[in-house]
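Structure first, commentary second.
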Amino acid sequence: MLFEVLIGAASVLAGMIASVAGFGIGSILTPLLSLETGTRLAVVAVSVPHLLATFARFWLLRRSLDKRVLVNFGVLSAAGGLAGALLHSLASNPALTFVFAGLLIFAGLTGIAGLTRRISFGSRTAWAAGALSGFLGGLVGNQGGIRSAALLGFGLNRQAFVATATAIALAVDAARMPVYFVTTGSRMGSAAGFILIASLGVLAGTFLGARLLGRIPERRFHRIVGAIVLALGVFMLGRALQGR
Numbered sequence: 303m304l305f306e307v308l309i310g311a312a313s314v315l316a317g318m319i320a321s322v323a324g325f326g327i328g329s330i331l332t333p334l335l336s337l338e339t340g341t342r343l344a345v346v347a348v349s350v351p352h353l354l355a356t357f358a359r360f361w362l363l364r365r366s367l368d369k370r371v372l373v374n375f376g377v378l379s380a381a382g383g384l385a386g387a388l389l390h391s392l393a394s395n396p397a398l399t400f401v402f403a404g405l406l407i408f409a410g411l412t413g414i415a416g417l418t419r420r421i422s423f424g425s426r427t428a429w430a431a432g433a434l435s436g437f438l439g440g441l442v443g444n445q446g447g448i449r450s451a452a453l454l455g456f457g458l459n460r461q462a463f464v465a466t467a468t469a470i471a472l473a474v475d476a477a478r479m480p481v482y483f484v485t486t487g488s489r490m491g492s493a494a495g496f497i498l499i500a501s502l503g504v505l506a507g508t509f510l511g512a513r514l515l516g517r518i519p520e521r522r523f524h525r526i527v528g529a530i531v532l533a534l535g536v537f538m539l540g541r542a543l544q545g546r
């Protein structure tokens, strides 16, 4: 019962964070749920509340979507994420996690310092950033953090940032979930209770976080996202060090 309460509380928090930063549900819930179910089933189980919350978040912010960034960055980000995910099992070198964590820490510090507001990506750079961030995220299994870190370079306002990150996440979910259900769907029944609790929690957190997003001053938004990216980088670095 205690673990179910923890999952519920973490789900609400994850939904709120994702409504502000454009990611966070998988980063928070997958490691937590894996303590009970194992990593492989946790990834598949979390994909269900992730999809529900992502769709709800996109619906709330759909009018703020930046279509130019979605096309220039998002298409290759989703494709790169799928390619990286397919190679995930072949590239489980711990050194890759260290590199990934280092990139997140660097991007987070850059966002906190306000330097990302001085960066402007052209269309060619956007294609490259999308492909590289998606591929690296797919390899390591955490696409949301590196995607949001890269999106900081487009100078989007807070609603456009979250809406565009969310639209890309929806495309990634649409590509990966059929694969998950084919390979691991038969085992999802054992995690049905966790899936239900997490789904209700992230939906509640999504609506609470959407209200919070509207109250964040524009000048502070990049710093807040940078701090969340930095926290994810430090967390991943800690996990990599523990696994040595």
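Going letter by letter, the sequence shown gives residues 303 to 546 in my numbering.
Beta carbons are placed, not taken as given, at the ideal position from N, Cα and C, and that holds for glycine.
Under 8 Å between C-beta atoms of residue i and residue j
| i | j | result |
| --- | --- | --- |
| GLY328 | GLY503 | no |
| LEU343 | ALA493 | yes |
| ILE407 | LEU532 | yes |
| ILE530 | ILE518 | no |
| GLY277 | LEU438 | Any question about residue 277 goes unanswered here, given that the chain covers just 303 to 546. |
| THR508 | ARG359 | yes |
| PHE456 | VAL371 | yes |
| VAL322 | GLY446 | no |
| MET303 | PHE402 | no |
| ALA431 | ALA415 | no |
| PHE496 | LEU335 | yes |
| VAL464 | LEU363 | yes |
| GLY340 | GLY382 | no |
| LEU515 | ARG460 | yes |
| THR332 | VAL350 | no |
| PHE400 | ALA542 | yes |
| LEU458 | ALA409 | no |
| GLY474 | ALA380 | Before going further, note that residue 474 is Val rather than Gly in the sequence given. In contact: VAL474 and ALA380 (Cβ atoms closer than 8 Å). |
| LEU353 | MET479 | yes |
Reference residue i, options the options, closest by Cα
| i | options | result |
| --- | --- | --- |
| LEU315 | ALA500, VAL345 and VAL531 | ALA500 |
| GLY413 | LEU534, LEU304, PHE523 and GLY540 | PHE523 |
| ALA355 | LEU515, ALA542 and LEU472 | LEU472 |
| LEU289 | GLY540, GLN544 and LEU534 | One cannot answer for residue 289 here, as it falls past the ends of the chain, which runs 303 to 546. |
| GLY310 | LEU498, GLU338 and GLY528 | LEU498 |
| GLY540 | ASP368, GLY404 and SER488 | GLY404 |
Limits of the alpha helix (DSSP H) - the one that residue i falls within
| i | result |
| --- | --- |
| VAL348 | 341–363 |
| LEU454 | Neither: LEU454 is in no alpha helix (DSSP H) and is coded neither H nor E. |
| LEU315 | 304–323 |
Distance between beta carbons of residue j and residue i, contact taken as under 8 Å
| i | j | result |
| --- | --- | --- |
| MET490 | ALA347 | 6 Å |
| ALA433 | LEU378 | 4 Å |
| ALA469 | SER366 | At roughly 10 Å, the Cβ-Cβ gap does not stay under 8 Å, so ALA469 and SER366 are not in contact. |
| PHE325 | ARG521 | So it is not a contact: roughly 22 Å between Cβ atoms. |
Contact with chain D by residue i, beta-carbon distance below 8 Å
| i | result |
| --- | --- |
| GLU338 | Absence of chain D from the displayed structure is noted, only one protein chain being present. |
Distance cut-off 7 Å: residue i Cβ against heavy atoms of the ligand GDP
| i | result |
| --- | --- |
| MET303 | As presented, the structure is devoid of all ligands, the ligand GDP included, so that no description of it is given. |
- What residue ranges within the segment 471–524 form continuous alpha helix (DSSP H) runs of no fewer than 4 residues, ordered along the chain? Segments of the alpha helix (DSSP H) lying fully in the segment 471–524: 494–515.
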